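What follows is a single structure, written as structure tokens, with notes after it.
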Amino acid sequence: MKQVQFTDQQNSVKQELISKDFELQKVCDQFEETVSKLDVLNQKILDEKNKIKEQVKSKSISSSQAKEMIAKVNQDFKIEKQNINQQLANKNQEMEKSFAELNSAKQEKTARETIAKVKEQLNILKSQIRVEKKEVKTANQSNKELIKKEYAKIDSQYAKQLKELCDEYKAVKKGVSKTSLIMIYIISAVVVLIAALSINYLVYYPQANGGAKYDFGAKESLIALGLSGVLLLLVISTSYLLLKDSSKMLPLERKNNTFQKGVIIGFITDFFDTIGIGSFAPTIVFLKALKANDDDKKIPGILNISHTVPVIFEAIIFIAAVRVDPFTLITLIAMAVIGSYFGAMLANKIDKKKIKLVMGVLLFFTAIMMLLSHPMIQVFKGAGNETGLPFDEWKIYFASFIFLILGGLMSLGIGLYAPAMAVVALLGMDVTVAFPIMMGSTAFLMPIGSIRFIQDKNYAPKVTVAIAIGGMFGVICAFLAVFVGFAGNTEFVKYLLFLVIVVIFYASFSMLYDFYKIIKKDKLQRE
344 MKQVQFTDQQ NSVKQELISK DFELQKVCDQ FEETVSKLDV LNQKILDEKN
394 KIKEQVKSKS ISSSQAKEMI AKVNQDFKIE KQNINQQLAN KNQEMEKSFA
444 ELNSAKQEKT ARETIAKVKE QLNILKSQIR VEKKEVKTAN QSNKELIKKE
494 YAKIDSQYAK QLKELCDEYK AVKKGVSKTS LIMIYIISAV VVLIAALSIN
544 YLVYYPQANG GAKYDFGAKE SLIALGLSGV LLLLVISTSY LLLKDSSKML
594 PLERKNNTFQ KGVIIGFITD FFDTIGIGSF APTIVFLKAL KANDDDKKIP
644 GILNISHTVP VIFEAIIFIA AVRVDPFTLI TLIAMAVIGS YFGAMLANKI
694 DKKKIKLVMG VLLFFTAIMM LLSHPMIQVF KGAGNETGLP FDEWKIYFAS
744 FIFLILGGLM SLGIGLYAPA MAVVALLGMD VTVAFPIMMG STAFLMPIGS
794 IRFIQDKNYA PKVTVAIAIG GMFGVICAFL AVFVGFAGNT EFVKYLLFLV
844 IVVIFYASFS MLYDFYKIIK KDKLQRE
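Under our numbering, residue 870 is the last one in the sequence shown; the count climbs by one each step, no gaps.
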């Protein structure tokens, strides 16, 4: 096997980088220990408050007594919490300083040459392992058991050396710097948003509306622009908090090769999210398949934070692109947001298992009805071409009530997209109207949860930001491929309706399968 030769100076630089990385790791471990202390304290405070709430339920104490007791709990733990937060801030500063020094050392010419040689050394060993395995496979093509045993021998033979070289390379390799992360994110966001809105106003809208230009002075346009402005402020505030916090926590993930994986995951999942399929379930699958996250407890935070900005982009694009009655749009979005608020309050009191069963069955029959009422099948009349619901008819009030429930179900982890599309279609509206409504609803809800996860540091920073970046490009590509590509085609809505029906069937089967898994798990626990 070819050997890589290091000069004395390169060996010295390599040991220096490894030593700096070791010192940084000690600070990172201390930081994570402090985060764990804060988690334990927060849980302790929550447990105390829950005990008080239980006393109120059992009528052992009055509501006014409970308020006094909760205030006392907050006061009792206030100083301890402040001390831990200060420790956390100090360790964060120390960690950032060490990380900056390490990155600076890696930029030196000799360091770059050394890192390249370490990588070459690792690649030579990996290549040697592949060659030996290929020889074994060629010599024993018909004996799969023998091949398996020989592969295991080769892996065992090189395991220690491979681990040492991998650890060495992880310690010295150049990672994503704080500045690079922030610049990539900001440039991606600005480019995608400007490109998407330009294409929307100059290409999509005229094609979809018989050549008519977008009238920025119309009442509907002004309301749409107002909503988009509010959403843009949400993008800026959420992005600021995410970049501020994640850039500080980069040292914790400097050895993880998750950035490229995250970009790919974000692109694929938010592409499908833009056409109504949803992004959470596929993201979980990809995170596990690509080994982009090693802590399952951080998955909810990764999902909520990483998809917040792409979803807001979806809402901005579709609110501007799709002709929809502004009052219908605002009413249904508002009802979903209100429903989510009440849903969060009732989350612990509702049987999620039964909800999944009921929603799964309802969505299944809804999909059947939509299929039978499809314009190409038309057993009975279904989706129409209305862009809104008048306030002097029952439909708007029925839709408002349904969206209030759907908003509440979002707090229980039940997706809004499929049922929202079903409601819009069954009430006789153009199915494309569902997109600004359902994406606007989630866009106004997701930042609230995301900010909480960021504050609790309950997410993986590098892969989260990477998914958000990839997701932005996934959104515009889906918009271009599916909507702009077919704009003006009279058959487009008919085919889009078929896609919606498939999505609803998928959501139905997913919920019923989740119900089955919960029942199976409960049965095993009882046994």
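Note that the Cβ used here is the ideal one computed from N, Cα and C, for glycine as well. Please read all numbers here as calculations on a predicted model, not as lab measurements.
| query | Fully enclosed by the segment 451-525, which alpha helix (DSSP H) runs are 4 residues long or longer? | reply | 452-482 and 487-515
| message | Bridge partners for residue 772 per DSSP, in chain order? | response | 729
| What is the DSSP secondary structure of residue 601, reduced to helix, strand or coil? | coil
| field | Same chain, Cβ closer than 7 Å to residue 352, five either side skipped, listed in chain order | value | 453
| Would residue 528 be called buried (16 or more neighbouring beta carbons within 10 Å of its own) or exposed? | buried
| query | Which of helix, strand or coil does DSSP assign to residue 711? | reply | helix
| Is it true that the CB of residue 667 sits closer than 8 Å to the CB of residue 776? | yes
| CA nearest to the CA of residue 393, picked from 466, 683, 403 and 413 | 413
| request: Using the Cα positions of residue 355 and residue 443, report the straight-line distance between them to the nearest angstrom. | output: 20 Å
| residue 428 in three-state terms, based on DSSP | helix
| task | Note down, in chain order, each residue of its chain lying with its Cβ closer than 8 Å to the Cβ of residue 555, except the 5 sequence neighbours on either side. | result | 548 and 549
| Does the Cβ of residue 802 have 16 or more other Cβ atoms within 10 Å, making it buried, or fewer, making it exposed? | buried
| field | residue 699 versus residue 750 - alpha carbon distance | value | 15 Å
| task | Consult DSSP for residue 391 and reduce its assignment to one of helix, strand or coil. | result | helix
| What span of residues does the alpha helix (DSSP H) with residue 739 cover, start to end? | 737-753
| query | Can you give the beta carbon distance from residue 643 to residue 817, rounded, assuming they're within the 8 Å contact cut? | reply | Incorrect: roughly 21 Å between the Cβ atoms, too far for contact.
| field | Option in 439, 516, 858 and 545 with minimal Cα separation from residue 694 | value | 858
| Where does residue 350 fall in DSSP's three states? | coil
| Leaving out the 5 sequence neighbours to the left and right, which residues in its chain are closer than 8 Å to residue 363 when beta-carbon positions are compared? | 441, 444, 445 and 448
| field | Euclidean distance between Cα positions of residue 624 and residue 845 | value | 16 Å
| field | Residue nearest to residue 748 in terms of C-alpha spacing, selected from 681, 728, 706 and 731 | value | 681
| How big is the Cα-Cα spacing for residue 477 and residue 427? | 55 Å
| CA-CA distance, residue 461 and residue 349? | 9 Å
| request: Inspect the beta-carbon positions of residue 713 and residue 768 and report whether they are closer than 8 Å. | output: yes
| Beta-carbon contacts of residue 707 that lie in its chain and below 6 Å, excluding the five residues immediately before and after | 851
| request: Mind checking which residues open and close the alpha helix (DSSP H) that includes residue 622? | output: Counting along the chain, residue 622 falls outside any alpha helix (DSSP H), and DSSP gives it neither H nor E.
| field | Close beta carbons around residue 599, own chain, < 7 Å, minus the five adjacent residues each side | value | 805
| task | Look at the alpha carbon of residue 840 and the alpha carbon of residue 697, and state the distance between them as a whole number of angstroms. | result | 29 Å
| query | Between the beta-carbon of residue 434 and the beta-carbon of residue 374, is there less than 8 Å? | reply | yes
| Is DSSP giving residue 759 helix, strand or coil here? | coil
| task | Take residue 468 and list the residues in its own chain whose beta-carbon comes closer than 8 Å to its own, dropping the five residues that flank it on each side. | result | 344, 501, 504, 505 and 508
| Can you round the beta-carbon distance between residue 315 and residue 610 to whole angstroms, since I take them to be within the 8 Å contact cut? | This structure cannot settle anything about residue 315, because the visible part of the chain is limited to 344 through 870.
| Per the contact definition of three or more C-beta pairs closer than 8 Å, is the segment 647-665 in contact with the segment 563-583? | yes
| query | Touching or not, the segment 367-385 and the segment 400-410, by the rule of three or more beta carbon pairs under 8 Å? | reply | no
| query | So residue 538 packs on residue 819, CB below 8 Å; how close in whole Å? | reply | 6 Å
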